[in-house]
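Peer 1: Mapping the sequence shown onto UniProt numbering, position 17 (from 1) lands on 17, and the numbers just tick up by one.
A virtual CB, placed ideally from N, CA and C, is assigned to each residue, including glycine.
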Amino acid sequence: MPTVNRAKLDDASLRILDALQQNAELSNAELAEIAGLSTSPCWRRVADMKEHGVLRGAVTLVDPAALGLAINVFVHVSLKLQDKQSLEVFTDAIKERPEVMECYLMSGEADFMLRVVSEDLAKYQTLLLDCLTTIPVVASIRSSFALSQVKYTTALPTNHLRGRAAGSRR
1 MPTVNRAKLD DASLRILDAL QQNAELSNAE LAEIAGLSTS PCWRRVADMK EHGVLRGAVT
61 LVDPAALGLA INVFVHVSLK LQDKQSLEVF TDAIKERPEV MECYLMSGEA DFMLRVVSED
121 LAKYQTLLLD CLTTIPVVAS IRSSFALSQV KYTTALPTNH LRGRAAGSRR
């Protein structure tokens, strides 16, 4: 995937990124005002960031509780072997599960960490018994249940880029 030169992300572009991460439904005119640009240059910057993979799409975030998905489970999975074939078997099985929101290949004690949403403990147990324990390469599974969500954001930080931004006056 092509990447944008971080030096091209000046303060105006970073203001665009910050604003879109808070509200992807902003009009180009609203974005231009936030960025301190006229509408044409603002539109070109957004198009350039899309073309270079900086902006990967826009989604509407849905409240899991509104859909009855009250349980957040962090699942630590260790495999019998850490070879390429075992990794592929596991990831192929997990990719098909809609309740698995995130899956990370890890270093440390577990090979994978999953974030799973579920209606209740019984539904999670079904996933555990009917899916996770049936994957032949799995050696062990540990589940931790979130008691509450202290912080949640989808907005990536951009402050680390501000000192390096082209045209930055710091």
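Shortest alpha-carbon distance to E88 belongs to which of S38, L20, Q21 and P136?
Peer 2: Nearest option by C-alpha distance: P136.
Peer 1: Express the C-alpha separation of R97 and V138 in angstroms, rounding to a whole number.
Peer 2: Their Cα atoms are separated by approximately 16 Å.
Peer 1: Is the beta carbon of I71 less than 8 Å from the beta carbon of E102?
Peer 2: No. Outside cutoff.
Peer 1: Would you mind reading off the limits of the beta strand (DSSP E) that contains S40?
Peer 2: Looking at the DSSP string, S40 is not in any beta strand (DSSP E); the run it does join, the alpha helix (DSSP H), is T39 to E51.
Peer 1: Below 7 Å CB to CB, which residues in the same chain sit around M106 once its five sequence neighbours on both sides are set aside?
Peer 2: Counting only Cβ-Cβ distances below 7 Å, and skipping sequence neighbours, we find F112 and M113.
Peer 1: Would you mind stating whether V116 and Y124 have Cβ atoms separated by less than 8 Å?
Peer 2: Closer than 8 Å, so yes.
Peer 1: Determine the direct distance from the alpha carbon of G108 to that of L81, and round the result to whole angstroms.
Peer 2: Their Cα atoms are separated by approximately 14 Å.
Peer 1: On a Cα-Cα basis, can you pick out the residue from C42, Q149 and D10 that is closest to D63?
Peer 2: D63 has its Cα closest to that of Q149, out of C42, Q149 and D10.
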